[in-house]
Amino acid sequence: MVKTGLVSLLASCCLPVSAQDIHFSQFFEAPLLRNPSLAGIFSGDYRVQAVYRDQWNSVTTAYKTISLNGEYKMPIGSANDFLTIGLQMLQDKAGTISWVSTHVLPAVNYHKSLSNERTSYLSIGFMGGWVQKRFDRTKMTTNSMYDGLGDGEMNLLPQYSYWDAAAGMSYNAQLNSNPENNFYVGVAYHHFNRPKNSFYRDPSIELTPKTDISAGVRFAVTEGSYITLQGNQSFQGAFQETMIGGLYGMKLGADLENPKYTVHGGAFLRVNDALIPVVKVDYNPFSFSFSYDVNISKLKTSSYGRGGFELGVSYVGFTNRDNSSLNAVVCPRF
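All residue numbers for the sequence shown refer to the numbering used here, where the first residue is 4 and numbers rise by one.
In structure tokens form, the structure reads like this:
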């Protein structure tokens, strides 16, 4: 009998519609993974974000995932338009056979201004780059090994790579005269080039395209507090995922326009899977976040309700250039 190592490998990597893309409970801390047209929609000229996820320690060998992305936003032309260039890097390690997926994906996003008086932007973004998947063949066990015939997988490659691509469109605007009250909606289509996805070099096995629909809104409650609501819906083959939730933010300090600290608390729901409490602290220009998945799916019995935790950190800054978005009347922001 083939043991779990090879079975997991085949199930997760080689069947045409067998698994969803890598995702985070703190999806709002990894915008490029959701939609390349969300790059640059923040208050600043540049941003660096990192998210670390550790999942399923209670069931099997933990899944460990880290995302690192950077964005640089700059004005272009003379009509309040902006251009954002970015880079998304991702590594996922899972299972007893040390299955590793590595992604290096440059991105570009053009923000077209639709108003000279208030934030109103239509953005079109593209992202594409190199992906490698590999595993440690020495950790794989099959019944052929007991007959002294090796693992018996003559056509199995220990690694392969491909080029991946995604495109998206989003709209970002103010809700009212207060520029801090704003929203965004967007849709993205991932893997539109349908890259080959097989350790067996099978040309008929392709990565299933994925559609992401994203939305978020932020509005003030009082002078020193606000609510941020966000959601994400993904469709990939037979799979779909719904994420929805919100955070309540409270500014701390004497100057509420430029608070020293902002503390957020709230929760998100991955429908039919997990309830996710979230705590976030902004200490300008840094932001730190922590979340924990409480399993509510059919796995909750074997996992004792434990899912995984995530840690996030981000840095947002402004440049010293004359045309910094700090001085702009309108610019993409959320």
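Idealized CB from N, CA, C, for every residue including glycine.
Burial state of residue i, where buried means 16 or more other Cβ atoms lie within 10 Å
i       : result
Val-274 : exposed
Asn-298 : buried
Thr-122 : buried
Lys-263 : exposed
Ala-191 : buried
Thr-141 : exposed
Trp-166 : exposed
Gln-29  : buried
Asn-38  : buried
8 Å contact criterion, which residue i and residue j should meet: CB distance rounded
i       : j       : result
Ala-33  : Val-51  : Not quite, the Cβ-Cβ distance comes to about 12 Å (not below 8 Å), so this is no contact.
Phe-186 : Val-220 : 4 Å
Ile-44  : Arg-336 : 7 Å
Pick from the options that is closest to residue i, judged by C-alpha positions
i       : options                               : result
Gly-47  : Asp-167, Ala-331 and Val-319          : Val-319
Gly-171 : Leu-36, Glu-313, Tyr-295 and Gly-219  : Leu-36
Ala-110 : Asn-326, Leu-86 and Ile-25            : Leu-86
Ser-201 : His-194, Glu-209 and Thr-99           : Glu-209
Asn-326 : Leu-71, Gln-233 and Asp-84            : Asp-84
Lys-136 : Val-107, Pro-212, Ser-294 and Phe-45  : Val-107
Lys-67  : Met-246, Ala-277, Gly-248 and Phe-312 : Phe-312
Ser-217 : Met-246, Ala-241, Asn-184 and Ala-65  : Met-246
Val-316 : Arg-56, Leu-41, Ser-40 and Ile-25     : Arg-56
Ser-118 : Gly-189, Gln-177 and Phe-27           : Gln-177
Val-24  : Thr-105, Gly-73, Ser-40 and Arg-204   : The displayed chain sequence assigns Asp, not Val, to residue 24. The residue with the shortest Cα to Cα distance from Asp-24 is Thr-105.
Distance CB(residue i)-CB(residue j) smaller than 9 Å
i       : j       : result
Asn-175 : Tyr-124 : yes
Asn-112 : Ile-79  : no
Gln-162 : Gly-132 : no
Val-284 : Phe-291 : yes
Ser-116 : Leu-93  : no
Ser-237 : Lys-213 : yes
Gln-58  : Asp-296 : yes
Leu-314 : Phe-293 : yes
Val-188 : Ser-207 : no
Chain C within 9 Å of residue i, Cβ atoms only
i       : result
Gly-219 : This model lacks chain C altogether; it includes just one protein chain.
Every unbroken alpha helix (DSSP H) inside the segment 246 to 315 [4 residues or more]: 303 to 306
Whole alpha helix (DSSP H) elements within the segment 48 to 88, 4-residue minimum: none
Beta strand (DSSP E) segments (min. 3 residues) lying fully within the segment 184 to 223: For the segment 184 to 223, whole beta strand (DSSP E) runs of length 3 or above, ordered along the chain, are 185 to 193.
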